[in-house]
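Per the numbering used here: the sequence shown = residues 361 to 778. Glycine included, each C-beta is placed from N, C-alpha and C at the ideal position. Structure first, then comments.
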Amino acid sequence: MTTSLSIVWADPARASAFDRWLADMAHQHDLQTGSLRLASADASFRRYFRIDAGAAAGLGAASRIIMDAPPAQEDCQPFVRVAGLMLQAGLNAPRVLAWDQSLGFMLLSDLGNQTMLDLIAPPAAVDAIAQPSAAHTELYLDAVDALVRWQLASRPGVLPPYDDALLSRELALFPDWYVAQHRGLALDGGLLDKLNAMFTQIKASNLQSLGGARVYVHRDFMPRNLMVSNAAGESGSSAVAVGAFHTAGLKETAPDPSKFRPQDRLRRTAGGAAPSGGSAPHAVGSVGVLDFQDAVYGPISYDIASLMRDAFLTWEEDFVLDISVRYWQKARKAGLPVGDDFGEFYRAVEWMGLQRHLKVLGIFARLTLRDGKPKYLADTPRFIKYARNTAARYRQLGPLMVLLDQIEGNETRVGYTF
């Protein structure tokens, strides 16, 4: 047996198949089978192992990642296709070194074990507001550079469309799983009609805003899925540098919203300059990108919304606005279709984010109730707050705010911004 005793297999036959596959991979890629250990598991049926590699393995890394994705539950073809697209775009993504499609085992380059979320070290309380430092700003600007590079590579007809049908399926997760299954509430005909009317508005806004601009969409572009590593896939080198920067006693900075001007937000707060003219973002390798297998071709507002309205930490509003406008500036200069009016762009981001918040509430409830993964449900108050705050800012979303308060048992207070 080559499988580590710390790794549990529910199916002995699959464990035996893995042992045979790993023995072959160890011979071909100079892997040290005794070093196999669990790296992570996610919200799907996939899980990941880490294994040490000898000098003959190449790529400059001391370890490799193995994906275990049972074919009956997981289709790895989208992962392989999107990984190739990201590498072609110059992003730091895992390289597929070997893949047994029939068994669902894959050998990948290792981008390290330090995520952006690890470095940020967000407050544990779900209602806590994270305070940004200069180091956090640098991390997010690196993520923005990677996002712009990814979007610049976009071509129609390559990835599945993020269309009305997909938006509808995602929004339906909220009443079906969060409201009915988790909250145990039955929406009567009138309430359900109001909710569906809100969904129609949200979908129309997301599909038509910014002239219907479409790009490649990661769909989970957030710190938990962004690795701090270098372009060669070596674990830890860049993470050490950023970690040292973060602990160097730098003072936190927050913009003054009363002095908000997009042109003043372009320069980095801690060295370096934003790209000028039509130049591309800076060199590949600052941020490693994972969990991209669900990528689609859809609204340009989606990924910046998921980056700034994170599932696992909440930033103060000034920081969200600051990074959003820096992204908008870089995207405009790179020729991406984000429009000439930041206010219009930010409205599109907020409405796209609202769709995501409602979808995630349904997904987190389903993960708990159907898949037996209750840890995700602890973050649902964060998304309720995101959704309610957005609904409270726009008069057209007033009925949704009332519905959310009815579902959560809160008193509605009206004070629209737009």
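For the beta strand (DSSP E) containing T393, list its first residue and its last residue. In the sequence shown, residue 393 corresponds to position 33, counting from 1. Taken as a continuous stretch (DSSP letters only), the beta strand (DSSP E) holding T393 covers L391 to A401.
Extent of the continuous alpha helix (DSSP H) to which W688 belongs: Taking the first residue of the sequence shown as 1, we reach residue 688 at position 328. Where W688 is concerned, the enclosing alpha helix (DSSP H) stretches over E677 to K693.
With a Cβ-Cβ cutoff of 8 Å, do V456 and V440 count as a contact? Translated into the one-based positions of the sequence shown, residue 456 becomes position 96. Translated into the one-based positions of the sequence shown, residue 440 becomes position 80. Yes, the pair counts as a contact, with Cβ atoms nearer than the cut-off.
Output yes or no for whether 8 Å exceeds the beta carbon distance between D654 and R579. Here the question's residue 654 lines up with position 294 in the sequence shown. Here the question's residue 579 lines up with position 219 in the sequence shown. Yes, these two residues count as a Cβ contact at 8 Å.
Pick helix, strand or coil for F652, following the three-state DSSP scheme. Here residue 652 is taken as the residue at index 292 of the sequence shown, counted from 1. In this structure, F652 counts as coil in the three-state DSSP scheme.
Taking C-beta to C-beta, are I767 and V575 nearer than 8 Å? In the sequence shown, residue 767 corresponds to position 407, counting from 1. In the sequence shown, residue 575 corresponds to position 215, counting from 1. Taking 8 Å as the Cβ cut-off, I767 and V575 do not qualify as a contacting pair.
Beta-bridge pairing of F465 - partner residues as DSSP gives them: Reading the sequence shown from its first residue, position 105 is the one you call residue 465. For F465, which the question treats as bridged, DSSP gives the partners D428 and D460.
Less than 8 Å separating the beta-carbons of L467 and R424? The count along the sequence shown starts at 1 and reaches residue 467 at position 107. The count along the sequence shown starts at 1 and reaches residue 424 at position 64. The answer is yes: Cβ separation under 8 Å.
Contact between the stretch 519-539 and the stretch 718-727 is defined here as three or more beta-carbon pairs at a separation below 8 Å; is this criterion met? yes
Per the contact definition of three or more C-beta pairs closer than 8 Å, is the stretch 482-499 in contact with the stretch 672-691? yes
Residues bridged to L586 by DSSP? Residue mapping note: residue 586 aligns to position 226 of the sequence shown, counting from 1. According to DSSP, which records beta bridges pairwise, L586 is partnered with V649.
Could you pull out every residue in the same chain whose Cβ sits closer than 6 Å to the Cβ of A691, ignoring the five residues on either side in sequence? Here residue 691 is taken as the residue at index 331 of the sequence shown, counted from 1. Answer for A691: V508 and V698, listed in chain order.
Starting from V577, trace the beta strand (DSSP E) both ways and give me its first and last residue. Within the sequence shown, numbered from 1, the residue matching residue 577 stands at position 217. From DSSP, the beta strand (DSSP E) with V577 extends over R574 to V577.
Candidates K735, P535, G695 and T750, of which the one nearest E677 by Cα: The residue you call residue 677 lines up with position 317 of the sequence shown. Per the Cα distances, T750.
Need the endpoints of the alpha helix (DSSP H) that R407 sits in, please. One-based indexing of the sequence shown puts residue 407 at position 47. That residue, R407, is in no alpha helix (DSSP H); its beta strand (DSSP E) goes R407 to A413.
T560: buried (16+ other C-beta within 10 angstroms of its C-beta) or exposed? Here residue 560 refers to the residue found at position 200 when the sequence shown is read from its first residue. Exposed, by the Cβ-count rule.
For the alpha helix (DSSP H) that contains P741, what are its first and last residues? Reading the sequence shown from its first residue, position 381 is the one you call residue 741. Looking at the DSSP string, the run of the alpha helix (DSSP H) that includes P741 is T740 to R753.
Can you tell me whether DSSP reads A546 as helix, strand or coil? Walking along the sequence shown from the start, residue 546 turns up at place 186. Here A546 sits in coil by DSSP.
Where does the unbroken alpha helix (DSSP H) through I660 begin, and where does it stop? Working through the sequence shown from its first residue, we reach residue 660 at position 300. Premise fails: I660 is in no alpha helix (DSSP H) and is neither H nor E.
In DSSP terms, what S423 is bridged to: Sequence index remark: in the sequence shown, residue 423 carries index 63 (1-based). Paired residues: D412.
Whether L586 touches V649 by CB criterion (8 Å): To locate residue 586, count along the sequence shown from 1; it is residue 226. To locate residue 649, count along the sequence shown from 1; it is residue 289. Yes, these two residues count as a Cβ contact at 8 Å.
On the criterion of 16 or more Cβ atoms from any shown chain inside 10 Å, does Q623 qualify as buried, or is it exposed? Translated into positions along the sequence shown, residue 623 becomes position 263. Only weak support is given to the placement of Q623: the predicted model assigns it a pLDDT of 34, under 50, and the value that follows is read from those uncertain coordinates. Counting Cβ neighbours within 10 Å, Q623 comes out exposed, since fewer than 16 surround it.
Using 8 Å as the cut-off, can you tell me whether the stretch 486-495 makes contact with the stretch 668-676, which would need three or more C-beta pairs spanning the two stretches below that distance? yes
CB-CB under 6 Å to A401, same chain, minus the five flanking residues each way: which ones, in chain order? Your numbering for residue 401 matches position 41 in the sequence shown. Excluding residues within five positions, the ones whose Cβ falls inside 6 Å are R407.
Could you tell me which of Y687, L477 and R515 sits nearest to I664, measuring between CA atoms? To locate residue 664, count along the sequence shown from 1; it is residue 304. Ranking the options by Cα distance to I664, first place goes to Y687.
Cβ contact check for the stretch 461-477 and the stretch 423-437: 3 or more pairs under 8 Å: yes
Own chain partners of K563 with C-beta closer than 8 Å, once the 5 adjacent residues on each side are dropped: What you label residue 563 is simply residue 203 of the sequence shown in a count that begins at 1. Around K563: D524, L527, S528, L531 and Q715.
So what's A671 in DSSP terms, helix, strand or just coil? In the sequence shown, counting from the first residue as 1, residue 671 sits at position 311. DSSP places A671 in coil when its eight states are reduced to three.
Give the DSSP-derived three-state secondary structure of P483 in the structure shown. Sequence index remark: in the sequence shown, residue 483 carries index 123 (1-based). Of the three classes helix, strand and coil, the one that applies to P483 here is coil, per DSSP.
Does the beta-carbon distance from L447 to A513 come in below 8 Å? The residue you call residue 447 lines up with position 87 of the sequence shown. The residue you call residue 513 lines up with position 153 of the sequence shown. Against a cut-off of 8 Å, the Cβ pair of A513 and L447 comes out as no contact.
Quick one: what does DSSP say A494 is sitting in, helix, strand or coil? On the sequence shown, residue 494 is found 134 positions in, with the first residue counted as 1. Helix at A494.
CB-CB length for P438 against G464, believed under 8 Å: The residue you call residue 438 lines up with position 78 of the sequence shown. The residue you call residue 464 lines up with position 104 of the sequence shown. Actually they do not touch by this definition, with Cβ atoms about 13 Å apart.
Using a Cβ-Cβ cutoff of less than 6 Å, which residues in the same chain neighbour S661 once the five nearest sequence positions on both sides are dropped? Residue numbering aside, residue 661 sits at position 301 when the sequence shown is read from its first letter. Here the set comprises A708, V709 and M712.
Which residue's Cα is closest to the Cα of V647: D731, T393 and Q474? To locate residue 647, count along the sequence shown from 1; it is residue 287. Considering only alpha carbons, the answer is Q474.
As assigned by DSSP and simplified to three states, the class of A370: Locating residue 370 in the sequence shown gives position 10, counting from the first residue. Looking at A370 - three-state DSSP - the assignment turns out to be coil, as it is neither helix nor strand.
Bridge-paired residues (DSSP) for N452: Within the sequence shown, residue 452 is the residue found at index 92, counting from 1. BP columns for N452 point to G648.
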